[in-house]
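Protein chains: 2
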Amino acid sequence: MVSRERLTKGGKQMKIDFDGIQAFVVIAELGGFNKAAEQLHITQTALTRRVQKLESYLGLKLLDRTTRYVELTSVGREFLPQARAIVAEMTAAVGRLKDMSKYARGNFTLACVPTMAAQILPTLMREYAKDHPNNRIRLLDATSYEVRDAVLNSQAELGIGILGEQRPDLTEVPLFDDPLMFFCRDSNPLSEMKSVTWSDMSDADLIVVSNLTATRAFMDYQLAKRGISLSGAYEVQHHATAISLVAAGVGCAILPASTFQEGDRPGVRRIPLVSPVVKRKVILITRKNSTLSPAAEAFHDLVKKTYPTGARA
Amino acid sequence: MVSRERLTKGGKQMKIDFDGIQAFVVIAELGGFNKAAEQLHITQTALTRRVQKLESYLGLKLLDRTTRYVELTSVGREFLPQARAIVAEMTAAVGRLKDMSKYARGNFTLACVPTMAAQILPTLMREYAKDHPNNRIRLLDATSYEVRDAVLNSQAELGIGILGEQRPDLTEVPLFDDPLMFFCRDSNPLSEMKSVTWSDMSDADLIVVSNLTATRAFMDYQLAKRGISLSGAYEVQHHATAISLVAAGVGCAILPASTFQEGDRPGVRRIPLVSPVVKRKVILITRKNSTLSPAAEAFHDLVKKTYPTGARA
DNA sequence: TGTAATTATTGCGAGATGCGCATATATTGC
DNA sequence: GCAATATATGCGCATCTCGCAATAATTACA
Numbered sequence: 096m097v098s099r100e101r102l103t104k105g106g107k108q109m110k111i112d113f114d115g116i117q118a119f120v121v122i123a124e125l126g127g128f129n130k131a132a133e134q135l136h137i138t139q140t141a142l143t144r145r146v147q148k149l150e151s152y153l154g155l156k157l158l159d160r161t162t163r164y165v166e167l168t169s170v171g172r173e174f175l176p177q178a179r180a181i182v183a184e185m186t187a188a189v190g191r192l193k194d195m196s197k198y199a200r201g202n203f204t205l206a207c208v209p210t211m212a213a214q215i216l217p218t219l220m221r222e223y224a225k226d227h228p229n230n231r232i233r234l235l236d237a238t239s240y241e242v243r244d245a246v247l248n249s250q251a252e253l254g255i256g257i258l259g260e261q262r263p264d265l266t267e268v269p270l271f272d273d274p275l276m277f278f279c280r281d282s283n284p285l286s287e288m289k290s291v292t293w294s295d296m297s298d299a300d301l302i303v304v305s306n307l308t309a310t311r312a313f314m315d316y317q318l319a320k321r322g323i324s325l326s327g328a329y330e331v332q333h334h335a336t337a338i339s340l341v342a343a344g345v346g347c348a349i350l351p352a353s354t355f356q357e358g359d360r361p362g363v364r365r366i367p368l369v370s371p372v373v374k375r376k377v378i379l380i381t382r383k384n385s386t387l388s389p390a391a392e393a394f395h396d397l398v399k400k401t402y403p404t405g406a407r408a
Numbered sequence: 096m097v098s099r100e101r102l103t104k105g106g107k108q109m110k111i112d113f114d115g116i117q118a119f120v121v122i123a124e125l126g127g128f129n130k131a132a133e134q135l136h137i138t139q140t141a142l143t144r145r146v147q148k149l150e151s152y153l154g155l156k157l158l159d160r161t162t163r164y165v166e167l168t169s170v171g172r173e174f175l176p177q178a179r180a181i182v183a184e185m186t187a188a189v190g191r192l193k194d195m196s197k198y199a200r201g202n203f204t205l206a207c208v209p210t211m212a213a214q215i216l217p218t219l220m221r222e223y224a225k226d227h228p229n230n231r232i233r234l235l236d237a238t239s240y241e242v243r244d245a246v247l248n249s250q251a252e253l254g255i256g257i258l259g260e261q262r263p264d265l266t267e268v269p270l271f272d273d274p275l276m277f278f279c280r281d282s283n284p285l286s287e288m289k290s291v292t293w294s295d296m297s298d299a300d301l302i303v304v305s306n307l308t309a310t311r312a313f314m315d316y317q318l319a320k321r322g323i324s325l326s327g328a329y330e331v332q333h334h335a336t337a338i339s340l341v342a343a344g345v346g347c348a349i350l351p352a353s354t355f356q357e358g359d360r361p362g363v364r365r366i367p368l369v370s371p372v373v374k375r376k377v378i379l380i381t382r383k384n385s386t387l388s389p390a391a392e393a394f395h396d397l398v399k400k401t402y403p404t405g406a407r408a
């Protein structure tokens with residue numbers, strides 16, 4: 096805890112006087128009241144008074160001044176480096192903050208599920224960098240649960256995740272729906288279909304993501320409601336792995352549409368999966384009662400602008 | 096040169112606001128406005144306004160606050176360490192200065208001729224240390240000329256030297272007269288005399304200090320006025336050497352009285368030297384138009400109190 | 001030596017600032 | 001829903017701070 100004293104002079108309470116110290120530094124640097132006053136955009140009169148006030152506050156003379164020139168006292172010489180450091184630090188810190196405010200400059204942390212980090216973030220970040228070339232985004236890629244936790248406990252200012260159970264202290268805005276689709280090689284008999292139903296598929300050569308992921312949990316829940324279950328399927332941890340297995344001809348996969356852009360992999364087809372259409376909602380997460388930094392806010396706005404609510408992937 | 100900006104908000108010029116930053120730090124540390132207000136000895140109302148002013152000045156929120164509790168924003172978290180450092184540095188620096196003023200605390204440089212450094216300084220410094228145990232005196236021992244130079248160009252705040260030609264920018268207060276005396280062993284024929292005249296001495300076994308010192312130059316000048324000259328004398332650089340030679344029986348010496356306290360060396364006598372009495376004046380030197388640090392001023396006062404003007408050694 | 005130029009200080013009035021008191025408003029806990 | 005707690009706001013007053021004009025002190029130059 097910083098020591099705090101209430102310093103008095105002549106009975107009156109006087110506050111620590113940054114202006115006075117700044118005045119002292121500028122006068123010492125420029126060697127005169129007039130030049131210093133000009134640089135500080137005040138009259139020389141006011142400057143005189145600032146110095147007088149500071150000196151009376153400290154009970155010390157910092158400047159020996161005749162009408163002809165100004166010179167540091169012994170105490171002033173000793174204090175100057177400290178004063179200079181204080182002024183420099185202060186103006187620098189305040190300058191940084193004003194930059195943050197004025198130009199939405201600064202860094203922030205974004206928590207994001209890996210799928211989205213791979214699919215939508217690159218474009219968003221490139222777009223963001225156009226307007227904010229110096230802003231660094233610390234990326235926290237984690238499961239949908241962890242994303243929400245990170246936002247809740249302020250490890251991240253923003254989160255991109257999958258809609259799940261509502262948490263009261265989070266604000267979640269839907270970005271787009273991300274339907275599950277069927278992925279197969281073009282040699283697969285189903286590859287030419289406009290859409291595939293769940294019953295069209297055989298469990299045997301099916302690849303799904305592990306039941307530890309939100310995607311899988313969501314899928315199981317949606318299917319269970321309709322009396323469908325997948326039992327014989329392969330399980331993998333990552334969507335990218337699933338795609339690779341499909342490409343290698345191991346089997347077919349059920350993955351969110353956004354996992355894969357048409358043409359990413361030669362020979363792999365992405366086909367709508369219906370009866371029912373199962374889709375997860377991608378959401379942008381912020382914390383309630385928590386003010387975003389301008390940098391994060393700018394990103395937040397960009398995301399919302401890029402994905403007007405309800406659009407599809 | 097420190098960058099200086101005049102920051103505006105809504106057309107009004109706003110000064111950098113140390114109070115606001117301090118308020119922010121204290122609130123962040125204590126976790127609430129009320130506790131912080133108490134520590135700062137202002138009302139919670141005033142504190143609220145300080146924070147509001149700071150935030151509006153920066154264009155940023157630093158604290159997310161409901162009526163129930165206070166929490167740092169992302170920007171606030173980032174700023175807190177800097178703010179803490181600024182506040183700590185500022186209060187520490189100001190505290191040091193107030194200590195300097197209130198308790199005459201601090202260090203200073205004293206230039207002094209070696210004779211006086213050896214003879215009167217020890218007592219003075221011991222006395223000074225009683226009231227100012229933590230104050231360090233940087234001692235610059237040098238010739239009388241160098242002492243004046245040091246004071247003139249502010250290498251030293253105070254000087255103790257020998258009266259010479261007046262310099263316009265120095266203030267010199269006489270401390271005591273320091274007459275030249277005759278030093279001999281008690282075996283010397285002159286040793287029992289109440290006083291010795293210049294003509295009583297024989298040049299042959301005389302020891303004087305080198306003509307590079309102020310003492311010697313002064314002595315020569317005073318004697319020349321009266322048509323006396325010493326030609327056959329030994330010359331040494333230091334007063335202490337001369338005393339040792341006397342003690343060893345090499346000869347007799349002419350030295351300032353203050354060189355030697357009665358009883359310093361067994362077998363050595365100090366006898367007044369008259370016709371004429373030649374005495375140099377020991378002076379305390381300060382620079383005109385130059386404010387002393389409280390620490391130096393205290394020493395200055397002590398010296399003047401110890402040697403009321405005109406006293407003898 | 002005197003006069004002009006330069007530089008800091010002081011008197012004064014006007015406007016801005018900052019504070020405290022009383023009150024309002026919002027959230028939590030029972 | 002009510003009491004308790006904590007921050008925000010309306011308002012008036014005291015003080016601060018500024019700028020202008022005039023003063024004082026020192027230097028430079030004629």
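Chains as they are written, first to last, in my numbering: chain A, 96 to 408; chain B, 96 to 408. A virtual CB, placed ideally from N, CA and C, is assigned to each residue, including glycine. Since the structure is predicted, the reported quantities are computational estimates derived from the model, not experimental observations.
If you count every other CB in all the chains shown that lies within 10 Å of the CB of B:V372, and 16 or more means buried, which is it? Within the second sequence, the letter at position 277 stands for residue 372 of chain B. Exposed, since its Cβ has fewer than 16 Cβ neighbours within 10 Å.
May I ask you to report which of helix, strand or coil DSSP gives A:R172? Here residue 172 of chain A refers to the residue found at position 77 when the first sequence is read from its first residue. For A:R172, the secondary structure class from DSSP, reduced to helix, strand or coil, is helix.
In whole angstroms, give me the CA-to-CA distance for A:S290 and A:M296. As a position in the first sequence, residue 290 of chain A is number 195, starting the count at 1. As a position in the first sequence, residue 296 of chain A is number 201, starting the count at 1. Taken atom to atom, the span from the alpha-carbon of A:S290 to that of A:M296 is near 11 Å.
In the DSSP assignment, find the beta strand (DSSP E) that holds B:T381 and state where it starts and stops. Indexing the second sequence from 1 puts residue 381 of chain B at position 286. That run of the beta strand (DSSP E) goes 374 to 382.
Is B:E392 helix, strand or coil when you go by DSSP? In the second sequence, counting from the first residue as 1, residue 392 of chain B sits at position 297. Reduced to three states, the DSSP call for B:E392 is helix.
Output the boundary residues of the alpha helix (DSSP H) element that contains B:I349. Translated into the one-based positions of the second sequence, residue 349 of chain B becomes position 254. Bounds of any alpha helix (DSSP H) do not take in B:I349; it lies within the beta strand (DSSP E) bounded by 347 to 351.
If you draw a straight line from the C-alpha of B:E392 to the C-alpha of A:I116, how long is it? One-based indexing of the second sequence puts residue 392 of chain B at position 297. One-based indexing of the first sequence puts residue 116 of chain A at position 21. Answer to the nearest angstrom: the Cα atoms are 24 Å apart.
Contact with chain A by B:V384, beta-carbon distance below 8 Å: Here residue 384 of chain B refers to the residue found at position 289 of the second sequence. One point to set straight first is that residue 384 of chain B is Asn, not Val, in the sequence displayed. At least one C-beta of chain A is nearer than 8 Å to the C-beta of B:N384.
Are the beta-carbon atoms of B:A390 and B:R200 separated by less than 8 Å? For this step, residue 390 of chain B is matched to residue 295 along the second sequence. For this step, residue 200 of chain B is matched to residue 105 along the second sequence. The answer is yes: Cβ separation under 8 Å.
Express the C-alpha separation of A:D264 and A:I255 in angstroms, rounding to a whole number. Counted from its first residue, the first sequence places residue 255 of chain A at position 160. Counted from its first residue, the first sequence places residue 264 of chain A at position 169. Taken atom to atom, the span from the alpha-carbon of A:I255 to that of A:D264 is near 16 Å.
By how many angstroms is the C-alpha of A:I122 removed from the C-alpha of A:L235? Position 140 of the first sequence, counted from the first residue, corresponds to residue 235 of chain A. Position 27 of the first sequence, counted from the first residue, corresponds to residue 122 of chain A. Roughly 49 Å between the two C-alpha positions.
Would you tell me roughly how many angstroms separate the C-alpha atoms of A:T404 and A:M288, rounded to the nearest one? Taking the first residue of the first sequence as position 1, residue 404 of chain A is located at position 309. Taking the first residue of the first sequence as position 1, residue 288 of chain A is located at position 193. C-alpha separation (whole angstroms): 30 Å.
Exposed unless 16 or more other CB atoms sit within 10 angstroms - verdict on B:K399: Here residue 399 of chain B refers to the residue found at position 304 when the second sequence is read from its first residue. B:K399 is exposed by the Cβ-count criterion.
Among the candidates A:C279, A:R233, A:Q139, A:K193, whose CA atom is the shortest distance from the CA of A:E357? Residue mapping note: residue 357 of chain A aligns to position 262 of the first sequence, counting from 1. It is A:C279.
From the beta carbon of B:V170, is the nearest beta carbon of chain A less than 8 Å away? Within the second sequence, residue 170 of chain B is the residue found at index 75, counting from 1. Yes, contact with chain A.
How is the alpha helix (DSSP H) around B:F128 delimited, first residue to last? The residue labelled residue 128 of chain B in the question sits at position 33 within the second sequence. For B:F128, the enclosing alpha helix (DSSP H) stretches over residues 128 to 135.
Reduced DSSP secondary structure (H/G/I, E/B, other) of A:H227: For the purposes of this step, residue 227 of chain A is taken as residue 132 along the first sequence, with counting starting at 1. Under the three-state reduction of DSSP output, A:H227 falls in the coil class, being neither helix nor strand.
Could you please tell me which residues of the region 180 to 191 of chain B, in chain order, have their CB closer than 9 Å to any CB of chain A? Residues passing the 9 Å Cβ filter: A180, I181, V182, A183, E184, M185, T186, A187, A188, V189, G190, R191.
I need the DSSP call for A:T266, collapsed to helix, strand or coil. To locate residue 266 of chain A, count along the first sequence from 1; it is residue 171. Here A:T266 sits in strand by DSSP.
Taking B:Y152 as the reference, which of A:K193, A:A312, A:L275 has the closest Cα? To locate residue 152 of chain B, count along the second sequence from 1; it is residue 57. Comparing alpha carbon positions, the residue from A:K193, A:A312, A:L275 closest to B:Y152 is A:K193.
Chain A contact residues for B:M195, given Cβ-Cβ distances below 7 Å: Within the second sequence, numbered from 1, the residue matching residue 195 of chain B stands at position 100. Going along chain A in sequence order, the residues near B:M195 (Cβ under 7 Å) are L155, V170.
Could you give the DSSP three-state label for A:V208: helix, strand or coil? Working through the first sequence from its first residue, we reach residue 208 of chain A at position 113. Coil.
Is A:R365 near the ligand HEM, in the sense that its beta carbon is under 7 Å from a heavy atom of that ligand? Because no ligand of any kind appears in the structure shown, any question about the ligand HEM cannot be addressed here.
When DSSP labels each residue in this structure, what does A:L102 get in the three-state scheme? Within the first sequence, residue 102 of chain A is the residue found at index 7, counting from 1. Its pLDDT being 34, under 50, A:L102 is placed unreliably in this model, and the coordinates cannot settle the point.
Looking at C-beta atoms only, is the number of pairs between the region 372 to 382 of chain A and the region 178 to 185 of chain A that lie closer than 8 Å three or more? No: the two stretches stay apart, fewer than three of their Cβ pairs being nearer than 8 Å.
If we cut at 8 Å on Cβ distances, does B:D159 have a partner in chain A? In the second sequence, the residue the question calls residue 159 of chain B occupies position 64. By the rule that beta-carbons nearer than 8 Å mark a contact, B:D159 touches chain A.
For a minimum of 3 consecutive residues, which ranges assigned as the beta strand (DSSP E) are wholly contained in the region 239 to 313 of chain B? Every beta strand (DSSP E) of 3 residues or more that sits fully in the region 239 to 313 of chain B is shown, in chain order, as 253 to 257, 265 to 280, 301 to 304.
With 16 as the cutoff for other CB atoms within 10 Å, does A:N283 come out buried or exposed? Within the first sequence, residue 283 of chain A is the residue found at index 188, counting from 1. Residue burial is scored here from C-beta neighbours: A:N283 has at least 16 other C-beta atoms within 10 angstroms and is therefore classed as buried.
Let me see if you follow: with CB-CB separation under 8 Å, is A:Q139 close to chain B or not? Stepping through the first sequence from its first residue, residue 139 of chain A is reached at position 44. False, the Cβ-Cβ gap to chain B never drops below 8 Å.
For my contact list, A:M109 and B:L155 are in at a C-beta cut-off of 8 Å; report their separation, rounded to the angstrom. Along the first sequence, read from residue 1 onward, the residue named residue 109 of chain A stands at position 14. Along the second sequence, read from residue 1 onward, the residue named residue 155 of chain B stands at position 60. In this structure A:M109 does not touch B:L155 by the C-beta definition: roughly 28 Å separates them, more than the 8 Å allowed.
Using 10 angstroms around the beta-carbon of A:D226, count the other beta-carbons present and answer buried if the total reaches 16, otherwise exposed. Taking the first sequence and counting its residues from 1, the one referred to as residue 226 of chain A is at position 131. That one is exposed.
Compare the beta carbon distance of B:T381 and B:L219 with 8 Å and say whether it is the shorter of the two. By 1-based counting over the second sequence, the position of residue 381 of chain B is 286. By 1-based counting over the second sequence, the position of residue 219 of chain B is 124. Taking 8 Å as the Cβ cut-off, B:T381 and B:L219 do not qualify as a contacting pair.
What's the C-alpha gap between B:V268 and B:L379? Locating residue 268 of chain B in the second sequence gives position 173, where the first residue counts as 1. Locating residue 379 of chain B in the second sequence gives position 284, where the first residue counts as 1. Rounded to whole angstroms, B:V268 to B:L379 spans 5 Å at the Cα level.
Pair every Cβ in the region 326 to 335 of chain B with every Cβ in the region 300 to 318 of chain B, then say whether three or more of these pairs are closer than 8 Å. Yes, they touch.
Please confirm whether A:E73 and A:L158 have their CB atoms less than 8 Å apart. Beyond the ends of chain A as shown, which are 96 and 408, falls residue 73 of chain A; an answer cannot be given.
Proximal chain B residues relative to A:F203, where beta-carbon distance stays under 7 Å: The sequence position of residue 203 of chain A within the first sequence is 108, counting from 1. What A:F203 touches in chain B: S169.
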